[in-house]
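Worksheet: the structure to be examined is printed underneath.
Numbering (the working numbering), first residue to last: 29 to 204.
Structure below.
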């Protein structure tokens with residue numbers, strides 16, 4: 029029988045599934061792989077939920093488990109995964125749909141070109157809004173390493189997104 033605390037932790041684990049999937053998908057660009065990583069993460073988390081001492085540290089711990097499961101799966105597969113098409117959100121006009129589609133495709137493609145270590149940090153900080161310290165704990169590297177990887181990732185993204193496209197204008201200028 030689970031204690032009240034364990035039931036609360038399990039409930040929070042289940043409610044985190046969507047965030048875990050989004051992060052795993054951002055890292056892998058493959059929905060099947062992301063789903064597998066999340067399933068492995070949930071299994072490990074449920075089996076070790078009693079080891080969580082502070083319920084407020086659950087998110088950091090859970091994303092660390094996700095990161096470890098992802099790396100374990102990558103080691104097994106040793107394959108590069110291509111980027112998939114993005115899902116558009118609803119827009120008012122065909123022009124805005126096209127503009128947002130172009131922007132999102134460019135940003136997602138730019139993120140996909142980053143080395144995994146940079147892509148991992150930029151998605152955790154800029155998409156999932158984890159603090160630098162939380163990211164350092166999740167992927168088990170020093171805080172300074174997180175800061176330098178994030179800086180390099182952002183600089184690379186800026187260069188890629190500022191490069192002229194086939195219409196001879198940068199994506200950043202189009203968006204602004």
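For every residue, glycine included, the Cβ atom is placed at its ideal position computed from N, Cα and C.
Taking a cut-off of 8 Å on C-beta distances, the region 47-61 does not touch the region 165-183, as fewer than three cross pairs fall below it. Around the C-beta of residue 105, fewer than 16 other C-beta atoms lie within 10 Å, and the residue is accordingly described as exposed. Listed in chain order, the alpha helix (DSSP H) elements of length 4 or more contained wholly in the region 57-88 are 59-75. For residue 86 and residue 45, the gap between their C-alpha atoms comes out near 13 Å.
Per the C-alpha coordinates, the member of 162, 183, 176, 188 positioned closest to residue 92 is 162. Residue 65 sits buried, since 16 or more C-beta atoms from the chains shown fall within 10 Å of its C-beta. Minimum Cα-Cα distance from residue 36 among the listed residues 128, 71, 82 corresponds to 82. For residue 157, there is no enclosing alpha helix (DSSP H), as DSSP marks it with neither H nor E. Sequence-distant partners of residue 49 (beyond 5 residues in either direction) whose C-beta falls short of 6 Å from its own C-beta, in its chain, are 62, 66.
The straight-line gap separating the alpha-carbon atoms of residue 133 and residue 171 is approximately 30 Å.
Taking 8 Å as the cut-off, the Cβ atoms of residue 155 and residue 52 do not count as close. For residue 184, the enclosing alpha helix (DSSP H) stretches over residues 171-190. Rounded to whole angstroms, the gap between the alpha carbons of residue 88 and residue 187 is 31 Å. In the three-state reduction of the DSSP assignment, residue 100 falls in the helix class.
Of the candidates 99, 40, 84, 79, the residue whose Cα lies closest to the Cα of residue 68 is 99.
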